[in-house]
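In what follows, a structure is listed as structure tokens, so that the remarks can point back to it.
Number of protein chains: 2
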Amino acid sequence: MTTAHRASGEARPGGRTARTRQAVLAAVFEELGHGGPAALSMERVAQRSGIHLATLYRRWRCAEGLVCDLLNGLSADVPLPDTGTLPGDLRALARSIGAFYADERIRSLIEAVVSAAARDPQAATVLRDFFSERLTLAGQMVVRAVERGELPPDTDPEAVMAALGAPFYYRILIARGPVDAALAESTATAVWVAARAGAYRRTEPHNGAPRDGR
Amino acid sequence: MTTAHRASGEARPGGRTARTRQAVLAAVFEELGHGGPAALSMERVAQRSGIHLATLYRRWRCAEGLVCDLLNGLSADVPLPDTGTLPGDLRALARSIGAFYADERIRSLIEAVVSAAARDPQAATVLRDFFSERLTLAGQMVVRAVERGELPPDTDPEAVMAALGAPFYYRILIARGPVDAALAESTATAVWVAARAGAYRRTEPHNGAPRDGR
DNA sequence: AGACTAACGCGAGCAACTTCGCGTTAGTTC
DNA sequence: GAACTAACGCGAAGTTGCTCGCGTTAGTCT
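Order-wise, the sequence lines are chains E and Y. The numbering used here puts the first residue of the first sequence at 300, with every later residue one more than the last. The numbering used here puts the first residue of the second sequence at 300, with every later residue one more than the last.
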């Protein structure tokens with residue numbers, strides 16, 4: 300991987316390099332709030348940040364690199380709850396995600412990164428790795444639930460967390476509407492009920508049919 | 300809306316216009332299979348289709364217009380089942396969707412359209428309207444289920460269908476993996492169980508907490 | 001404090017993408 | 001079948017986006 304698309308960790312963390320990076324990423328974030336991903340051009344970021352255009356191309360190679368770098372700075376902004384029960388955890392996490400994506404700039408960033416991934420293989424890797432890591436972390440919530448006996452022992456933690464996230468990204472990328480509280484509540488309820496029923500077990504129920512169970 | 304991004308319906312449907320459109324859209328589809336959305340350029344489509352570059356720009360204005368036009372041609376490729384029970388319908392539809400997205404060119408097309416929507420407001424409108432329409436149609440399946448008494452009467456049909464689709468788009472756009480049969484089965488089961496439990500009711504359960512119900 | 005190195009500013013230059021004007025071809029109409 | 005019109009082919013011109021070389025500045029090391 301070249302200098303573009305890398306995580307953080309500059310050679311000289313405390314100096315001018317970090318300062319310009321800060322200025323540029325802040326400018327990208329602001330630009331995302333003014334017209335969404337469509338308005339994001341290297342030229343405008345250069346003007347807003349006060350950093351020269353050539354410098355942007357040198358360090359980030361293209362606009363895709365910019366949004367990828369910004370994404371990686373967001374890692375810890377959605378806290379992972381531990382309420383003691385899985386339905387409680389799911390609801391808390393769903394609400395956090397909902398609150399997170401209430402900010403249009405964050406939605407635009409997701410849009411921009413997904414769009415970047417469609418054009419640039421490096422951006423695709425960054426995107427996949429970012430969410431894969433988050434999924435594994437959040438999966439601990441499910442692992443605890445299995446240990447407490449709330450879920451079938453062969454439940455796939457990452458499948459559960461993917462199911463929790465999916466409706467939000469559908470709303471953002473496909474339905475293209477705002478993320479509201481109702482979506483968070485609905486999703487939390489749905490995932491909890493489905494997980495308890497064994498929908499996310501690694502080995503599907505042997506009969507192969509959706510279990511009725513009424 | 301200009302000539303670009305429009306649905307079908309040419310002024311001279313049976314002539315050269317339709318023939319070139321066919322050639323161009325076929326070329327776009329083939330290109331999507333050779334390197335994904337990143338490889339899609341006006342130049343390459345022109346070469347593959349044998350249609351002159353200037354003609355592409357005249358009729359579709361840009362690459363975004365191309366993929367939008369292609370998307371609209373896919374409307375009827377996923378059949379809507381009517382098996383007599385909602386779990387049966389959900390499973391059949393999930394399998395159809397899974398089979399549909401097993402084709403990498405279709406996945407690339409979705410990626411390309413979502414990416415286009417991030418940059419071009421007209422493409423965003425096409426994308427939203429396309430899925431909105433499909434969602435309403437598929438929602439009839441849920442309406443029938445409500446009439447049969449399988450679901451709470453205030454269940455939101457479109458919310459159910461969005462929940463059925465969401466995991467596939469998460470897989471394609473975020474996790475960036477192949478769509479397999481396990482995903483279809485898991486999703487069908489999850490949505491059925493969740494819908495039956497009232498997760499997709501228009502008015503959330505009054506206590507506001509995920510219903511435990513054990 | 002002075003030498004050293006990495007990053008930045010600057011403008012010119014290159015390349016890719018997009019558009020335009022004009023002549024030609026195909027399809028429609030009477 | 002002959003006039004008419006819309007779409008297409010073609011090449012050139014125009015525009016935008018990106019890169020390069022060089023001089024300068026900021027931060028680091030001894």
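Glycine included, C-beta positions come from ideal geometry on N, C-alpha and C.
Distance, Cα to Cα, residue i vs residue j?
i, j, result
"residue 424(Y)", "residue 399(Y)", "23 Å"
"residue 397(Y)", "residue 476(Y)", "13 Å"
"residue 420(E)", "residue 406(Y)", "15 Å"
"residue 319(E)", "residue 343(E)", "15 Å"
"residue 412(E)", "residue 473(E)", "15 Å"
"residue 438(Y)", "residue 458(Y)", "9 Å"
"residue 429(Y)", "residue 469(E)", "14 Å"
"residue 427(Y)", "residue 447(Y)", "30 Å"
"residue 376(Y)", "residue 414(Y)", "22 Å"
"residue 352(Y)", "residue 353(E)", "31 Å"
"residue 356(Y)", "residue 471(Y)", "29 Å"
"residue 338(E)", "residue 481(E)", "30 Å"
"residue 464(Y)", "residue 434(E)", "20 Å"
"residue 502(E)", "residue 460(E)", "17 Å"
"residue 373(E)", "residue 408(E)", "10 Å"
"residue 340(Y)", "residue 494(E)", "43 Å"
"residue 314(E)", "residue 346(Y)", "50 Å"
"residue 363(Y)", "residue 371(E)", "28 Å"
Apart from the five residues just before and just after residue i, which ones in its own chain have a Cβ nearer than 7 Å to its Cβ?
i, result
"residue 528(Y)", "Residue 528(Y) cannot be examined here, being either before or after the span of chain Y that is shown, 300 to 513."
"residue 403(Y)", "332"
"residue 436(Y)", "379"
"residue 445(Y)", "452, 454"
"residue 498(Y)", "none"
"residue 401(Y)", "478"
"residue 382(Y)", "388, 391"
"residue 350(E)", "319, 322, 323"
Skipping 5 residues on each side, what residues in its chain have a beta carbon closer than 6 Å to that of residue i?
i, result
"residue 393(Y)", "483, 486, 487"
"residue 327(Y)", "344, 365, 369"
"residue 348(Y)", "322, 323, 326"
"residue 440(Y)", "388"
"residue 500(Y)", "451, 453, 454"
"residue 329(E)", "none"
Hey, could you find the ends of the alpha helix (DSSP H) residue i is sitting in?
i, result
"residue 361(E)", "Run containing residue 361(E): none; DSSP gives neither H nor E here."
"residue 468(E)", "456–468"
"residue 377(Y)", "Per DSSP, residue 377(Y) belongs to no alpha helix (DSSP H) and is neither H nor E."
"residue 428(Y)", "420–446"
"residue 340(E)", "From DSSP, residue 340(E) is part of no alpha helix (DSSP H); its letter is neither H nor E."
"residue 473(E)", "Neither: residue 473(E) is in no alpha helix (DSSP H) and is coded neither H nor E."
"residue 327(E)", "315–332"
"residue 294(E)", "Residue 294(E) falls outside the range modelled here, since chain E spans only 300 to 513, and no answer is possible."
"residue 453(Y)", "Taken as a continuous stretch (DSSP letters only), residue 453(Y) belongs to no alpha helix (DSSP H), as it is neither H nor E."
"residue 401(Y)", "Taken as a continuous stretch (DSSP letters only), residue 401(Y) belongs to no alpha helix (DSSP H), as it is neither H nor E."
Do residue i and residue j have their C-beta atoms closer together than 7 Å?
i, j, result
"residue 422(E)", "residue 367(E)", "yes"
"residue 449(Y)", "residue 385(Y)", "yes"
"residue 336(E)", "residue 417(Y)", "yes"
"residue 462(Y)", "residue 490(Y)", "yes"
Considering only residues of the same chain and omitting the five flanking positions on each side of residue i, which have a CB-CB separation below 8 Å?
i, result
"residue 442(E)", "456"
"residue 410(Y)", "335, 336, 471, 472"
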